[in-house]
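Below is one structure, written out as structure tokens, with a few remarks after it.
Numbering (my numbering), first residue to last: 26 to 187.
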């Protein structure tokens, strides 16, 4: 069923939109509605905590399209986050694509491996995600992420010696 959605984007006034809802996604502590926005005439993402009111219109809409990977979904992979990081993954592109989930960041082939350009609101979360990868990596741009990885390593070393 189509939704009539009263929605407040960051720093903007309240808008009322008709939405064909296609699905929900959880990313970095927030739920998002994915769907076709009739106001913008394109697929959009809407944070649930910014919805002021949502009501069913009673109108049905055409079946949803096959959903694309979240990294390619308008807005999901490029949502602005508190921290931006650049990491060199010491592997090939196919291995990186198999190990890294779509919303973690953008993968770019590099002569020395694969560059991961990512954003997150939590560097401790990002460090834990990097630590689970089955290959090495090097933080290119983010001293704060380096510090978080160092802390995580010391923490894990301390647990293993108990």
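Every residue, glycine too, gets a C-beta built ideally from N, C-alpha and C.
Mapping the DSSP letters down to three states, classify residue i as helix, strand or coil.
i           : result
residue 45  : strand
residue 96  : Note on residue 96: pLDDT 48, under 50, position unreliable in the model; the coordinate value appears next. Three-state DSSP puts residue 96 in a helix.
residue 219 : The first residue shown for the chain is 26 and the last is 187, placing residue 219 beyond what the model contains.
residue 166 : strand
residue 171 : helix
residue 84  : coil
residue 37  : coil
Once you ignore the five residues that flank residue i on each side, which residues in its own chain have a CB closer than 7 Å to its CB?
i           : result
residue 97  : With a pLDDT of 48 at residue 97, under the threshold of 50, the predicted position of this residue should be treated as unreliable, though the coordinate-derived value follows. Result list for residue 97: empty, nothing under 7 Å.
residue 132 : 118, 121, 122, 125, 139, 141
residue 159 : 124
What does a CB cutoff of less than 8 Å around residue i pick up in its chain, not counting 5 residues either side in sequence?
i          : result
residue 39 : 31, 32, 33, 77
So residue i is in the beta strand (DSSP E); what residue range does that whole segment cover?
i           : result
residue 135 : 131–135
residue 30  : 28–33
residue 70  : 67–72
residue 113 : 108–114
Going by Cα to Cα distance, which pick from the options is closest to residue i?
i           : options            : result
residue 48  : 147, 42, 56        : 56
residue 151 : 183, 116, 110, 182 : 110
residue 50  : 128, 157, 178      : 128
residue 58  : 67, 66, 73, 65     : 73
residue 84  : 43, 134, 143       : 43
Span of the alpha helix (DSSP H) holding residue i?
i           : result
residue 6   : Absent from the structure is residue 6, since the part of the chain shown begins at 26 and ends at 187.
residue 64  : No alpha helix (DSSP H) holds residue 64; DSSP gives it neither H nor E.
residue 118 : 118–124
Could you pull out every residue in the same chain whose Cβ sits closer than 6 Å to the Cβ of residue i, ignoring the five residues on either side in sequence?
i           : result
residue 149 : 173
residue 79  : 28, 30
residue 108 : 145, 148
Cβ of residue i within 6 Å of any heavy atom in the ligand FMN?
i          : result
residue 56 : Inclusion of the ligand FMN in the displayed structure is not the case, the ligand content being empty and no account of it being possible.
Answer yes if the stretch 163–172 comes into contact with the stretch 123–134, meaning at least three C-beta pairs across the two stretches below 8 Å, and no otherwise.
no
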